[in-house]
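Everything below concerns the one structure shown next.
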Amino acid sequence: MDERDFGSYDFDGSDRQLFQRAQSCEHKIHEPSIVLVAPRPGDKIADPVHIVGRGTAFEGMTHLRIRDHAGRVIAKGTALGGAAGIPKDFAATLRFSAQPAGRTGFVEAYELSVKDGAEIRQVRVPVIFRDATSEAGCRTIRVGRSPRERR
């Protein structure tokens, strides 16, 4: 392999040429502003919920919340991640403020707009709420008359 395999460039090492090269480079990597790593879509969650992600937001502040099937916010908080376009890992543990309505819901992460406070760059992950009694190995006991008592 020789330099012909890489193409030939007239490069004199000057700052001007370095600047021109940098401007002409079209290899930009675009990554989402916020990515949720855990929980993943379809995961079963229970109180408290540990949320892990990676992102960049204004002043590093990523807002988090959990909504139930009815759309009610049952947990909310913030996590410190990256800022100024430089992504960084974040993590937070949220506790439920109310019992979820239904078995499904969403974990959401978003940034607040500096301009008007609107929610921007929102990410939603569908989750399933774990039923604490059935998941802990407990059984459901039916209360009523036995077949012998019905006679």
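Counting from 322, one number per residue, gives the positions in the sequence shown under this note's numbering.
Heads up, the beta-carbon is just placed ideally off N, CA and C, and yes, glycines get one too.
Practice task
Please report how far the alpha carbon of residue 438 lies from the alpha carbon of residue 389, in whole angstroms.
Solution key: If I take the Cα positions, the gap works out to 23 angstroms.
Practice task
State the DSSP-derived secondary structure class of residue 379, mapped to helix, strand or coil.
Solution key: If DSSP states are grouped into helix, strand and coil, residue 379 belongs with the helices.
Exercise for the section: Leaving out five residues on either side along the sequence, give the residues of the same chain with a beta carbon under 6 angstroms from the beta carbon of residue 444. Expected result: If we look at residue 444 and ignore the five residues flanking it on each side, its Cβ neighbours are 355, 357 and 430.
Practice task
On a CA-only basis, which of 405, 406 and 413 is nearest residue 360? Give me that one, please.
Solution key: 413
Exercise for the section: With DSSP as the reference, please indicate the residues paired to residue 427 in a beta bridge. Expected result: 388 and 447
Practice task
List the DSSP bridge partners of residue 395.
Solution key: In the DSSP output, where bridge partners are listed per residue, residue 395 has none listed.
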